[in-house]
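Just so we're aligned, residue 1 is where the sequence shown starts under the UniProt record's numbering, counting upward by one. Here a beta-carbon is modelled for each residue, glycine too, at the ideal position from N, C-alpha and C. Here the structure is a predicted model, which means the values were calculated and not measured.
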Amino acid sequence: ISKQISGSSVVEIQGDEMTQIIWELIQEKLIFPYVELDLHSYDLGIENREATNHQVTTDAAEAIKKYNIGVKYATIIPDEKRVEEFKLKQMWKSPNGTIQNIILGGTVFREAIICKNIPRLVSGWVKPPIVGRHAYGDQYRATYFVVPGPGKVELTYTLSDSTQKVTYLNWNLSFNKIPGHSFGIQG
């Protein structure tokens, strides 16, 4: 291709670690020499999510909603060790979950991009596989917490008018001598 084609607006969601370097190489070698894009960049690296109290994630999701396309790098979902390593205020939720639930109501589609000049590993496929995963209410919307020691983990349902409450025992931790983890998933 001897000249650039004009593209549209694309939301670029930067992430953590090596994905940033790989995406920059892809842009430099395979995209920008051939396609002129209007990039709207959002830094979802763990440090920036911490600095913005995770607001940058919502902003990025709203931008994807506006421009209808986004490319997201891998991001760190902090566990206890990462909270200590990065001195985070809290264990931030997954940016993937925030983005999925704002844009798609929780459903995620992943589709392979097939190019005629790149050989496929499965030569009989004439159309790309599309994986649809129902992510609404999955681990991205879960409530995580550290269980500090012996006790009970319970799930309580309360009617909206507060007239009835039902509690289920999920786990009796009386035998545990060390802290553990618990999370609840809504569906």
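**Message:** What would DSSP say about G97, mapped onto helix, strand or coil?
**Reply:** Residue state, collapsed to three classes: helix.
**Prompt:** Which residues does DSSP pair with D43 in a beta bridge?
**Reply:** Checking the DSSP bridge columns, you'll see D43 partnered with Q14.
**Prompt:** Do E28 and Q4 have their C-beta atoms closer together than 8 Å?
**Reply:** Contact: no.
**Prompt:** Can at least three beta-carbon pairs, one atom from the region 7 to 18 and one from the region 56 to 70, be found at a separation below 8 Å?
**Reply:** Segments in contact, yes.
**Request:** Measure the CB-CB distance between T98 and A61 and report whether it falls below 8 Å.
**Result:** Their beta carbons are under 8 Å apart, which means T98 touches A61 by this criterion.
**Prompt:** Is T156 near T167, with beta carbons less than 8 Å apart?
**Reply:** Result yes, Cβ atoms of T156 and T167 sit closer than 8 Å.
**Request:** State the Cα-Cα distance for the pair P33 and V147, rounded to the nearest angstrom.
**Result:** Their backbone Cα atoms lie some 53 Å apart in a straight line.
**Item:** L169 (DSSP reduced to helix, strand or coil)
**Value:** Looking at L169 - three-state DSSP - the assignment turns out to be strand.
**Prompt:** What's the C-alpha gap between L169 and K152?
**Reply:** Their backbone Cα atoms lie some 7 Å apart in a straight line.
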